[in-house]
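Below: the structure, in C-alpha cells.
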Ligand code: FAD
Ligand code: NAP
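Residue numbers (my numbering): 325 to 659.
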C-alpha cells in the first residue's frame, strides 16, 4: 500500500529554490505503485529534478516525485546499442555512463540538470544536438486509462524545445522510461564556436565523445550559474525565430544583429542578445535578477518569490516586444 506525505516543502526540490509546498506528495520508486496512484482522484503532477519549473504558489493535488531507476541494454547491431533508461535516472549521470561505455550521441548534452524522463518533454538541446536525435521510443503511464502507452520517435512530434508531451498529453502521463539508440562508431558534432575554440586550445584535432563532453562541461561551468549556488532554471526563454525578410529589415535598421538560418526562409535570433541589448543583463530587483554572464537565465539570489520572477519575465518580454517587435516565448514551465 502506498503512503502519501502532506504539506511537503519543495525548496530543495526545485532549482530556483522557491519555498512552496506540495499539498500531497509521493516518491515513486517502483512501477507496481502506479495502478494504486491512478485510483487516487487528486489532480496529478510529476516532478523530476525540478530544473525546468517556476513555482508561483503551493502545488495543489498530488505531486509525484519520479525516482524510478535502472538502465537496461535491450539489444545491439554492428552500429548501434539500444538502452532503456528508467525516467528517474539523473540525466547527466546517464551521459557519463554512455561515455564510459564508449557510446556516442548525448555527449553535447552533458551537464544538463534533471531527469531522463523529462528530457523528451522539451526535447532538451544544446550545442547543436537535440535528444530527439537519439530517442528510439518513450514509454508512459496514462493516469486516467491506468495503462502504458509507447510512443515511437515519429509519434512524439519533436520540435525545437517541443514535443507532444508538452502539449497534447500535458499532465496526463508519467513518462516511465526512454529508449535510446546510441552509436558504437560515433561521429561528434562540434559546430558551436565555443566547443571548437576549447578543443583547439586543448590541441584536440580528432575529438571523441569524451573530449566533446569535457569541452561542454568546461564551457558550461564557466558560463552558467550553478543552481546549487544561485537559484535558476537555465534559459528562461526560447530563441525566437523570425522570417528572413524581417531579419534583413532589422539588420538594416540596427546595423548588425546575430542570427542563424534554420530553414530556407527562417532565422533563429539568440534571445540572450535581444535581452542584453534591451538593457536587462545583470539587472536585479530585490533577489530576482538576470544573470550577469548569461542574459537568458533569470536568477533567484535568495528570497525571490515565483511571482517576482514571473513579473520580471513579463517585463523583459514587453521590452523586447517594444524594441524589436519580437515575441519571446517562455521555456520554463510556470506552476
Ligand atoms: P522538471 O523541472 O522536474 O519538470 C519539467 C516538466 O516536465 C514539468 O512540467 C513536469 O511535470 C514534467 N515532467 C518531469 N518528469 C516527468 C515525467 N517522468 N513524466 C511526465 N512529466 C514529467 N534544458 C535544455 O534543453 N538544454 C540545456 O542546455 C539546459 N541547460 C540547463 C542548465 C541549467 C543550469 C538548468 C537549471 C536547466 C537547464 N535546462 C536545459 C532545463 C532543464 O534542465 C531541462 O528541461 C530538464 O530536462 C528538466 O528536467 P527535470 O527532471 O528537472 O524536469
Ligand atoms: P552560445 O553558444 O553563446 O550561442 C548563443 C545562441 O546562439 C544559442 O542560444 C544558440 O542557439 C545559437 N547558436 C550559437 N552557435 C550556433 C550555431 N553554430 N548554430 C546554430 N545556432 C547557434 O549559447 P550558450 O548560451 O552558451 O548555450 C550553449 C548551448 O547550451 C546552446 O545550445 C543552448 O541552447 C544550451 N543551453 C540551454 C539552456 C536551457 O536551459 N535550455 C541553458 C544553457 C545552455 P540554441 O540555443 O538553439 O542552441
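The beta-carbon is built from N, C-alpha and C at its ideal position, and this holds for glycine as well. The structure displayed is predicted, hence computed values, not measured ones.
Query raised in the report: residue 371 and residue 389: beta carbons closer than 8 angstroms?
Result: Contact: yes.
Exercise. Relative to the C-alpha of residue 609, which residue among 628, 583, 355 and 466 is closest?
Worked result: 628
Relative to the C-alpha of residue 441, which residue among 498, 482 and 474 is closest?
498
inquiry  = Can you list, in chain order, the residues of its chain with a C-beta nearer than 7 angstroms to that of residue 514? Leave out the 5 residues immediately preceding and following it.
reply    = 520, 523, 531 and 536
Does the beta carbon of residue 564 fall short of 7 angstroms from some heavy atom of the ligand FAD?
no
### the ligand NAP heavy atom lying under 7 angstroms from the CB of residue 442
no
* Asked: Quick one: is the Cβ of residue 336 within less than 7 angstroms of any heavy atom of the ligand NAP?
  -> no
Buried or exposed for residue 337, please, with buried defined as at least 16 other CB atoms from any protein chain shown within 10 angstroms of its CB. buried
Taking 8 angstroms as the cut-off, does the region 330-344 touch the region 552-572 (at least 3 CB pairs, one atom from each stretch)?
yes
Next on the checklist: Taking its Cβ as the centre, do 16 or more other Cβ atoms sit within 10 Å of residue 632, making it buried, or is it exposed?
Outcome noted: Counting of Cβ neighbours within 10 angstroms places residue 632 among the buried residues, the total reaching 16 or more.
ask   = Tell me the DSSP bridge mates of residue 462?
value = 475 and 502
query = Under the three-state reduction of DSSP, which class applies to residue 584: helix, strand or coil?
reply = strand
Assign residue 451 to one of two classes, buried (16 or more other C-beta atoms within 10 Å of its C-beta) or exposed (fewer than that). buried
### Task
Might you give, ordered along the chain, the residues of its own chain that have their beta carbon closer than 7 angstroms to the beta carbon of residue 438, omitting 5 neighbours on each side?
372, 373, 375, 376 and 415
Residue 293, DSSP secondary structure in three states: Because residue 293 is not part of the residues shown, which for the chain are 325 to 659, the question remains open.
* Between the beta-carbon of residue 398 and the beta-carbon of residue 471, is there less than 8 angstroms? -> No, the pair does not count as a contact, with Cβ atoms beyond the cut-off.
query = residue 586 to residue 574, Cα distance in whole Å?
reply = 17 angstroms
**Prompt:** Do you know whose CA, among 331, 435, 332 and 327, lies nearest residue 358's CA?
**Reply:** Minimum Cα-Cα distance from residue 358 among the listed residues 331, 435, 332 and 327 corresponds to 327.
Residue 602 CB to nearest heavy atom of the ligand FAD below 7 angstroms
no
task: From the DSSP output, read off the bridge partner residues of residue 678.
output: There is no way to answer for residue 678, as the model of the chain reaches only from 325 to 659.
Requested in this report: For the beta strand (DSSP E) containing residue 560, list its first residue and its last residue.
Outcome: Run containing residue 560: none; DSSP gives neither H nor E here.
Original post:
Taking Cβ positions, are residue 490 and residue 445 nearer each other than 8 angstroms?
Top reply: yes
Using only the alpha-carbon positions, how far apart do residue 525 and residue 518 sit?
11 angstroms
Look up residue 390 in the DSSP assignment and give the residues it is bridged to. The beta-bridge partner set that DSSP reports for residue 390 consists of 352.
Using 8 angstroms as the threshold, is the region 562-570 in touch with the region 579-598, meaning 3 or more CB pairs across them?
In this structure the region 562-570 touches the region 579-598; the number of beta carbon pairs closer than 8 angstroms is three or more.
- Inspect the beta-carbon positions of residue 378 and residue 644 and report whether they are closer than 8 angstroms. no
Are there 16 or more other CB atoms within 10 angstroms of the CB of residue 429, so buried, or fewer, so exposed?
buried
Review point. So who's on the other strand from residue 608, going by DSSP bridges?
Key: 613
Q. Can you name, in chain order, every residue of its own chain whose Cβ lies under 6 angstroms from the Cβ of residue 435, other than the five neighbours on each side?
A. 416, 541 and 544
- Message: Within a Cβ cutoff of 8 angstroms, which residues of the same chain sit near residue 403, ignoring the five residues on either side of it in sequence?
- Response: 507, 508 and 509
Looking at residue 453: is its Cβ nearer than 8 angstroms to the Cβ of residue 433? yes
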